[in-house]
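See below for the structure under consideration.
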Amino acid sequence: QKEVEQDPGPLSVPEGAIVSLNCTYSNSAFQYFMWYRQYSRKGPELLMYTYSSGNKEDGRFTAQVDKSSKYISLFIRDSQPSDSATYLCAMNWAAGNKLTFGGGTRVLVKP
Amino acid sequence: SAVISQKPSRDICQRGTSLTIQCQVDSQVTMMFWYRQQPGQSLTLIATANQGSEATYESGFVIDKFPISRPNLTFSTLTVSNMSPEDSSIYLCSGRDQNIQYFGAGTRLSVL
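The listed protein sequences derive, respectively, from chains S and P.
Quick note: to get the working numbering, add 4 to the position in the first sequence (first position is 1).
Quick note: to get the working numbering, add 128 to the position in the second sequence (first position is 1).
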């Protein structure tokens with residue numbers, strides 16, 4: 005079993021819909037959670053960074069962490085075709101510790 | 129934030145040769161890393177590049193195959209040695225500042 009599980013998709017949604025992405029993890033020590041967006045032929049770009057449980061909102065993006073369920077989510081409101089990319093979750097248990105990545109979910113937003 | 133530049137962006141190499149990838153960060157970062165990413169796959173950590181000392185390699189990766197240098201806080205190189213077609217992949221440089229990790233655009237390597 006992988007330490008971080010993420011549905012590979014593809015997840016196809018119409019423009020304007022809400023995109024819902026999630027990861028589950030097994031290591032209860034994880035405290036720092038990140039979401040990266042990766043366009044084709046580009047490096048991962050940090051979208052959201054959260055510590056411990058709770059919600060964080062940044063524009064159209066909302067990240068949620070439920071440590072009791074070992075489950076994190078990313079929501080994209082009013083999705084645009086430019087949101088079409090692969091989204092990777094990542095986490096670690098301490099600052100300075102190496103990141104553990106999910107496998108990534110490919111998202112397609114259709115005009 | 130940190131901006132990470134990698135070069136070359138892509139290369140096609142012959143079996144048995146070596147390629148050195150350069151990574152430059154625009155600001156000082158505490159840690160630098162090298163990852164490999166197969167098409168459609170997630171990131172696999174190769175090693176942590178340590179300034180002025182030998183890199184720390186992950187299981188399955190060895191210094192003879194992937195020698196790494198980090199002469200200062202903002203520059204690192206990864207060499208892929210004695211290449212085979214199995215080394216065809218995307219190689220990504222990453223820098224971390226206060227637990228925020230940034231990535232370069234990657235080097236797309238094809239080995240014939």
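Even for Gly, the Cβ is constructed at its ideal location relative to N, Cα and C.
What you are looking at is a predicted structure, and each value in this text was computed from that prediction instead of being measured.
According to the DSSP assignment, residue 38(S) belongs to the beta strand (DSSP E) that extends over 36-42. With 16 or more other Cβ atoms inside 10 Å of its own Cβ, residue 232(P) counts as buried.
Taking 8 Å as the threshold, the shortest C-beta distance from residue 108(S) to chain P falls below it. Contact annotation: the region 203-219 of chain P touches the region 188-195 of chain P, with at least three C-beta pairs closer than 8 Å.
Residue pairing of residue 104(S) in beta bridges, as defined by DSSP: 95(S). Rounded to the nearest whole angstrom, the C-alpha separation of residue 186(P) and residue 60(S) is 32 Å.
Residues of the same chain with a CB within less than 8 Å of the CB of residue 199(P), apart from the 5 flanking positions on each side, are 179, 180 in chain order. Neighbours of residue 233(P) in chain S, taken as residues at a C-beta separation under 7 Å, are given in chain order as 46, 47.
Looking from the CA of residue 161(P), the closest CA among 148(P), 175(P), 153(P) belongs to 175(P).
Along the length of the region 152-176 of chain P, whole beta strand (DSSP E) runs at least 3 residues long occupy 159-165, reported in chain order. Take residue 62(S), set aside five residues on each side of it, and the residues of its chain with a beta-carbon closer than 7 Å to its own are 52, in chain order. Between residue 36(S) and residue 137(P), the alpha-carbon positions lie close to 31 Å from each other.
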